[in-house]
Amino acid sequence: MTTTPKIDYEKIKGVHKVPLEELYTSGHRTCQGCESATTMRGFIKASGPRTIVTGATGCMYVANTSYLTTPWIVPWMHTQLGAGGASAVGMAAGVRALQRKGKIKQEKINIINFSGDLGAGDMGIGGISGALQSDYDLLIIMYDNESAANTDIQATGLSIYGAQTTFTPPGSKHRIMQRRWKKNVAGMLAVGHPTCKYVATACATFPPTDYLNKTRKALSIGGPTFIHTYDPCPKGWDYHPRYSNELGELGIKCGIYPLYEIVEGNVIYTWDARKSGKGRIPVKEFLQRQGRFEHLIQEDIDYIQKGVDEMWEEWEIPGVAPLKGILKARI
Amino acid sequence: MTVTMEKPKSGMSDGVYEREELLNGCQAVAQGVCLADVDVIAAYPIRPYTEVMDALSKLIADGAFDAEYIIADSEHSQFEIVKHASSVNARAFGGSSGTGWMYGMEALTVTATDRLPPMFVVGNRALDDPGAFGVEHNDAMAVRDLGWLLCWVTTPQEALEHVLIGYRVAEDKNVRMPMALAIDGAFLTHSQHIVKIPSVAAAKKFLPQYDLAERRLHPDNPISVAPQANEDWVMEIRRQNWEAAKRARGVIKEAYKEFNAIFGERYAQPYFDEYMTDDAETVLIGVGTVAAPGRTAVKRLREKGHKVGYVNLRWFRPFPTEELRACLSRFKSVGVVDRDFAHGSPDNCGILMHEIRSCLYPAKNRPAIVNFIGGLGGRDLSIADAQKMFDITAQAAKKDSMDGYITWIGLRE
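Read top to bottom, the protein sequences are chains A and B.
Residue numbering for the first sequence follows this note's numbering, starting at 1034 and increasing by one per position.
Residue numbering for the second sequence follows this note's numbering, starting at 32 and increasing by one per position.
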């Protein structure tokens, strides 16, 4: 096994220390208030120019990269909706083989895939599992706006219980059509891949610089790594674009979005929503700010609150793994 | 033009061939991949192509060959891995069979539209349901309109050689299309022949290093590949693909010329080869291993004085339109053997029949033409079957009606 040189990343201490260099610039046509554009701009700022990016089909493909007006300063390639993991493996394997055989210069080249919740969390989860079993240096970022935002806001496996989407419209007979609980992707991937050294959840803007440093940490630790980001979406969640940052913060503070990193099996909360920690604000404060939950009645909000409480108070590893304990062994 | 394709003529002593081994089609392909100095291999199991990947992993384990070997989680991932490895300028290899090939179809589609030139071996297999391990050609045929190079070979020797020829054509800067090398399940994947293995030096001389040049993804070449284009540009981009497929014919011809120059006169014709057709009146044409019973039947019928011949079509994409039109217009009647089906298509014929009939439409001398569907699900097409097909084809020249236009050979009724 050849060892490739590493890039030494400094921890970004405060927003004034964020690199000024833009590697994702003008030319895209994402919506006003698009948090995912901030997520995108952030990871490439954090990782720097010696990076190859693959972007899976999704709103951040279609809205981002129009022919002849690419916003990317680094090499970028489209990949299919469910191919995020495979795209990163293919490129990392290619780069490693070419470097080992002396066909290109030995250096650290970051390989980052950017896939949405539909691509990474549903269709492509098998491929990402395959990638996380490999020994290639690659990072997969799942930007989660809780819908298929490109195709006009359809529910995905990561949509929140009760949310209105075009697949789950409230009706006169069924108030709630979105009856699935949000899929726990980061926790599932961390638990299922014992040799993966870094899995994290993040939000591009809260707490400030947390996400940028998680990106750098993932790239520094190396091997296959995974970050799940929570990306408020004004179009899909139905709120004024000026509140994107605030909604991310509220989602984290109410405990719906657990914020943590798992470094070689150790969980570090980067916003502690346990009772013993900073505690949580009621989920209602997050839900009532969005049109997608407007049809909910108190009973529905109580149900969501109960589920979130359970995540933090009954799960063996709060917010991470939905196992509630060990019963007496039957031998 | 009459040639037999069984053994390379060049001797072992001239340094072009290194050694002889008893190999089946899968193992021969693996030797070709080794000689092509492939950088990235992605594997996923399905019969019957899998043994190619078995053989490659053993070659790597034994240090005979150096490549990244990835065990994918599905064919879709497998093909995407191959595609993306190819995009960073690594020579990449994959493969599949039957429904596995279909499972990865989305990835196969974009590999072609991205104009990337990896190679895939297709160990032809019947599509489910019902399950069957044996050969049928509908799997590989599924990429025929997507911008792929698609070629059938008939022996392990040809299979090995076409890994080298295939990469050379696919990677040519005037082509850059993915290559599907089709080998019939069982009849070629698992039938053993003595194979002469080219020397590394000779293979290297024939196959230059892969260079995607201005289209490779690397931090030193920061391009954006395949952004959303919509109606503004898609038509022009499709036209570029079309031009490349057109240019591929010339590149294929050149590749065989060069191959013959290095390895001895292996291939008299690039796109197809003809057996005892010089004075023939009735010929059969097919792809893949049906050539073996086809040629043997020719030999036997010739002994009885019948003027018959066999045309083995090697390159299906690009289709050798002009050459095949000129070739087939020389005969009185042509029987097209399809190891595939196209249910509900015009006259209910097979895929190959449609292509050949379409190719012959503008010909000045159109031969009588009939279609055979046979060998489905891996059923044997015997010498007796081939003789029967020659008989029906010869009769066709004397008929005005469409009677007997399509015959299912070997069907229990």
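Glycine is no exception: its CB is placed at the ideal position from the N, C-alpha and C atoms.
These numbers were taken from a predicted model, which means no experiment stands behind them.
CB-CB length for residue i against residue j, believed under 8 Å
i	j	result
residue 1355/A	residue 1068/A	About 26 Å; that fails the 8 Å criterion.
residue 173/B	residue 136/B	7 Å
residue 62/B	residue 191/B	5 Å
residue 1073/A	residue 115/B	Between residue 115/B and residue 1073/A the Cβ distance is about 19 Å, and since that is not below 8 Å, they are no contact.
Residue i classed as buried or exposed, judged by whether at least 16 other C-beta atoms fall within 10 angstroms
i	result
residue 1217/A	buried
residue 296/B	exposed
residue 392/B	exposed
residue 382/B	buried
residue 1309/A	exposed
residue 193/B	buried
residue 92/B	exposed
residue 107/B	buried
residue 1323/A	buried
residue 211/B	buried
residue 122/B	buried
residue 324/B	buried
residue 1330/A	exposed
residue 1275/A	exposed
residue 1321/A	exposed
residue 435/B	exposed
residue 1228/A	exposed
residue 1313/A	buried
residue 1088/A	buried
Residue-chain proximity (residue i, chain A), Cβ-Cβ < 8 Å
i	result
residue 271/B	no
residue 256/B	yes
residue 143/B	no
residue 179/B	no
residue 97/B	yes
residue 104/B	yes
residue 440/B	no
residue 107/B	yes
residue 259/B	yes
residue 346/B	no
residue 101/B	yes
residue 160/B	no
residue 263/B	yes
Residue-chain proximity (residue i, chain B), Cβ-Cβ < 8 Å
i	result
residue 1110/A	yes
residue 1122/A	yes
residue 1249/A	no
residue 1142/A	yes
residue 1252/A	no
residue 1369/A	Here chain A covers residues 1034 to 1364 and nothing more, so residue 1369/A does not appear.
residue 1131/A	yes
residue 1134/A	yes
residue 1260/A	no
residue 1277/A	no
residue 1106/A	yes
residue 1163/A	yes
residue 1159/A	yes
residue 1116/A	yes
residue 1059/A	no
residue 1182/A	no
residue 1127/A	yes
residue 1100/A	yes
residue 1063/A	no
residue 1119/A	yes
Next on the checklist: At a CB distance below 8 Å, what residues from the segment 226 to 252 of chain B approach chain A? Give them in sequence order.
Outcome noted: 240, 248, 249, 250 and 252
Checklist entry - Going along the segment 111 to 139 of chain B in order, which residues come within less than 8 Å of chain A, judged by CB to CB distance? => result Per Cβ criterion, the list reads 111, 112, 113, 114, 115, 116, 117, 118, 119, 120, 121, 123, 137 and 138.
Checklist entry - Mind listing which residues of the segment 1065 to 1095 of chain A have their C-beta closer than 8 Å to chain B's C-betas, in chain order? => result 1082, 1083, 1084, 1085, 1087, 1094 and 1095
Next on the checklist: At 3 residues or longer, what runs of the beta strand (DSSP E) sit wholly inside the segment 157 to 199 of chain B?
Outcome noted: 180 to 183
Item to check | chain A contacts from the segment 46 to 77 of chain B (Cβ-Cβ distance under 7 Å) | outcome: 70 and 71
Item to check | Every unbroken beta strand (DSSP E) within the segment 1072 to 1134 of chain A, with a cutoff of 3 residues, ordered by chain | outcome: You should have 1084 to 1089 and 1109 to 1112.
Checklist entry - Going along the chain, which unbroken runs of the alpha helix (DSSP H) with 4 or more residues stay wholly within the segment 1261 to 1319 of chain A? => result The qualifying runs are 1267 to 1270 and 1277 to 1286.
Next on the checklist: To test your reading of the DSSP string, which unbroken beta strand (DSSP E) runs of 3 or more residues are found completely within the segment 67 to 126 of chain B?
Outcome noted: 71 to 74 and 99 to 102
Checklist entry - According to a CB-to-CB cut-off of less than 9 Å, which residues of the segment 1213 to 1246 of chain A neighbour chain B? => result So nothing in the stretch comes that close.
Item to check | Residues within the segment 176 to 209 of chain B neighbouring chain A, beta-carbon criterion of under 7 Å | outcome: none
Checklist entry - Could you give the uninterrupted runs of the beta strand (DSSP E) lying entirely in the segment 384 to 433 of chain B, keeping only those of 3 residues or more? => result 399 to 405
Item to check | Contained beta strand (DSSP E) runs [length at least 3] in the segment 245 to 275 of chain B, N- to C-terminal order | outcome: none
Next on the checklist: What ranges does the alpha helix (DSSP H) occupy inside the segment 296 to 342 of chain B, keeping only unbroken runs of at least 4 residues that lie completely in it?
Outcome noted: 322 to 334
Next on the checklist: Residues of the segment 1173 to 1202 of chain A in Cβ contact with chain B at a cutoff of 7 Å, in chain order, please.
Outcome noted: none
Next on the checklist: My parser needs the beta strand (DSSP E) runs of 3 or more residues fully inside the segment 1211 to 1267 of chain A; what are they?
Outcome noted: Scanning the segment 1211 to 1267 of chain A for uninterrupted beta strand (DSSP E) segments of 3 residues or longer gives 1231 to 1235 and 1257 to 1263, listed from N- to C-terminal end.
Checklist entry - Can you give, in chain order, each stretch of the beta strand (DSSP E) that sits fully within the segment 1160 to 1188 of chain A and has at least 3 residues? => result As for any beta strand (DSSP E) of minimum length 3 sitting wholly inside the segment 1160 to 1188 of chain A, the runs are 1171 to 1177, ordered along the chain.
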